[in-house]
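Notes to accompany the following structure.
Numbering (my numbering), first residue to last: 30 to 546.
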């Protein structure tokens, strides 16, 4: 399975290699939200790694040669990246370490640290990181809303800020400008009502967004009017083919026809103003663009919020909580006092968020054109709250089934990888924590999972494997018992002999005699 879910990047800094190794194993064997991006032995090395790896969190000792943890924290703060720092310190350094607060250090770990304490601090740091990411996404959404408003004003002959427009013009210069027109939200073949137009527009917008994101990361588009979308497409995008596919998908799913119009190469808003109006008339699109668009970005925020909460629960290893969370979402929709049209939008946002998690995190092959779009078409036929709730119940069941399939496949793959690792390293001094770390799981979770999947405990499986290998060597070689003991992972030959007798019912020497006669 691919490690798709986004984790925060952690840099571990300590001049003691065994401490770095222990922290690395701790992070990788527990569901803390972090992945170790790198290690450094002192502050100077850490700064180089910091600029190279751009970690989201640095866990550093306070006392190190060349550059200590406080100097490192100051350097990181001066970089202005917003990277958080956790400082490891001894009791005698604690008052001295308080000066690190001036460098934005929010967490201290007092040596010696218990594993549970380190895990708790790292989980807290991840939650802060997740909130920061969400804050940046919110800022980006607000900036896009602001840009959308400017673009609509520029295209509608309304006043707009020329200074801000210049920055947008530079980004979009040379892109092809297109208008995609909804011919009618009320086709004769469907029994849509005027009140369905918001959800229909939202559905079309999401289909378009999925298709645009898959074609290029440099596409800029917005809802220009209630029945009109504007696009700026880079030259490498096959626009005609893309819009034809979009029109076919929307027609197939919603029975709504779309018409695309190319208006040439975009250079500036000044040149576009009068020219666009003239060309809109020629294309038969000369009605006023004063219809107020819906608020797709507000709906996008709902989707991102739900998706973020779902993925955070998965990332922290609490997959059992996903069912409870999904059921709470369902209850919230069912108890909503909003209008049926608003409840439809909320239900659709919830379904889209779950669909995103299914595709991106649970690795379900669920394309918007053939899956969520069809389900959206079904939602349009719902008229009452009961019908909307029933529709969403189906979406929740689909999500939970995908989650169950993912867990089964993932667990099976993990245990297969664990068994392969054990078979390759049984002769070494390995234990359950080592194999759990190899599989990036906590020791407790891995131990329970191993027994559930194989029917026996980890220690029982390892002992049985070693004894089976020892029996083969006793039967087919002339190696000494002490040599065989060491070859199958028992440095103490006396302990091996005792363990072997407990399994085979006789000593290793007697077993060899019996099998060779």
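The C-beta atom is built at its ideal place from N, Cα and C for all residues, glycine as well.
Buried/exposed call for residue i, threshold 16 Cβ in 10 Å
i, result
"residue 387", "buried"
"residue 488", "exposed"
"residue 147", "buried"
"residue 58", "buried"
"residue 397", "Legend: pLDDT at residue 397 = 44, less than 50; position of this residue unreliable, value from coordinates given subsequently. Answer is buried; the Cβ neighbour count reaches 16."
"residue 278", "buried"
"residue 534", "exposed"
"residue 31", "Reliability of the predicted coordinates at residue 31 is poor, the pLDDT of 38 falling under 50, and no value is obtained from them."
"residue 71", "buried"
"residue 390", "buried"
"residue 484", "exposed"
"residue 93", "buried"
"residue 262", "buried"
"residue 295", "buried"
"residue 366", "exposed"
"residue 399", "Its pLDDT being 48, under 50, residue 399 is placed unreliably in this model, and the value from its coordinates should be taken loosely. Residue 399 should be labelled exposed."
"residue 423", "exposed"
"residue 84", "buried"
"residue 475", "buried"
"residue 419", "exposed"
Residues bridged to residue i (per DSSP)
i, result
"residue 289", "209"
"residue 90", "117"
"residue 137", "116"
"residue 69", "42"
"residue 420", "Its beta-bridge partners do not exist; DSSP assigns none."
"residue 484", "Bridge partners of residue 484: none, in fact."
"residue 63", "37"
"residue 254", "257"
"residue 262", "205"
8 Å contact criterion, which residue i and residue j should meet: CB distance rounded
i, j, result
"residue 82", "residue 66", "5 Å"
"residue 88", "residue 52", "7 Å"
"residue 283", "residue 232", "6 Å"
"residue 139", "residue 115", "Contact doesn't hold; Cβ gap of about 12 Å is too wide."
"residue 334", "residue 354", "Their Cβ separation, rounded to whole angstroms, is 12 Å, which puts residue 334 and residue 354 out of contact at 8 Å."
"residue 503", "residue 541", "4 Å"
"residue 417", "residue 373", "6 Å"
"residue 522", "residue 514", "4 Å"
"residue 248", "residue 260", "7 Å"
Rounded straight-line distance, which links the Cα of residue j to that of residue i
i, j, result
"residue 275", "residue 49", "52 Å"
"residue 285", "residue 358", "30 Å"
"residue 545", "residue 524", "24 Å"
"residue 69", "residue 44", "8 Å"
"residue 170", "residue 443", "38 Å"
"residue 378", "residue 142", "44 Å"
"residue 210", "residue 440", "48 Å"
"residue 465", "residue 342", "20 Å"
"residue 425", "residue 383", "8 Å"
"residue 61", "residue 162", "16 Å"
"residue 195", "residue 293", "19 Å"
"residue 494", "residue 462", "18 Å"
"residue 80", "residue 137", "23 Å"
"residue 41", "residue 155", "15 Å"
"residue 517", "residue 473", "25 Å"
"residue 192", "residue 291", "27 Å"
"residue 97", "residue 108", "17 Å"
"residue 298", "residue 198", "7 Å"
"residue 375", "residue 164", "22 Å"
"residue 201", "residue 288", "23 Å"
"residue 412", "residue 369", "7 Å"
"residue 321", "residue 240", "Residue placement at residue 321 is flagged as unreliable, the pLDDT there being 44, under the threshold of 50; a coordinate-derived value is accordingly withheld."
"residue 381", "residue 236", "11 Å"
"residue 37", "residue 64", "6 Å"
"residue 363", "residue 356", "11 Å"
"residue 499", "residue 543", "15 Å"
"residue 269", "residue 150", "53 Å"
"residue 450", "residue 208", "57 Å"
"residue 100", "residue 457", "41 Å"
"residue 189", "residue 250", "18 Å"
"residue 427", "residue 361", "18 Å"
"residue 280", "residue 159", "39 Å"
"residue 172", "residue 91", "40 Å"
"residue 496", "residue 447", "19 Å"
Residue i: CB within 7 Å of a non-hydrogen atom of the ligand MG
i, result
"residue 147", "What this structure holds is no ligand at all, so the ligand MG is not there to describe."
Any chain D beta carbon closer than 8 Å to residue i
i, result
"residue 447", "The structure shown contains no chain D; it is built from a single protein chain."
>> Under 8 Å, with one C-beta from each stretch per pair, do the stretch 98-107 and the stretch 63-81 reach the 3-pair mark?
In response: With a cut-off of 8 Å, the stretch 63-81 and the stretch 98-107 count as touching, because enough Cβ pairs lie within range.
>> With three or more C-beta pairs closer than 8 Å as the rule, is the stretch 220-231 touching the stretch 408-423?
In response: The answer is yes - the stretch 220-231 touches the stretch 408-423, with three or more Cβ pairs under 8 Å.
>> Under 8 Å: do the stretch 507-514 and the stretch 464-484 share three or more Cβ pairs, one atom per stretch?
In response: No, the stretch 507-514 is not in contact with the stretch 464-484.
>> Does the structure place the stretch 246-254 close enough to the stretch 166-186 that three or more beta carbon pairs sit under 8 Å?
In response: yes
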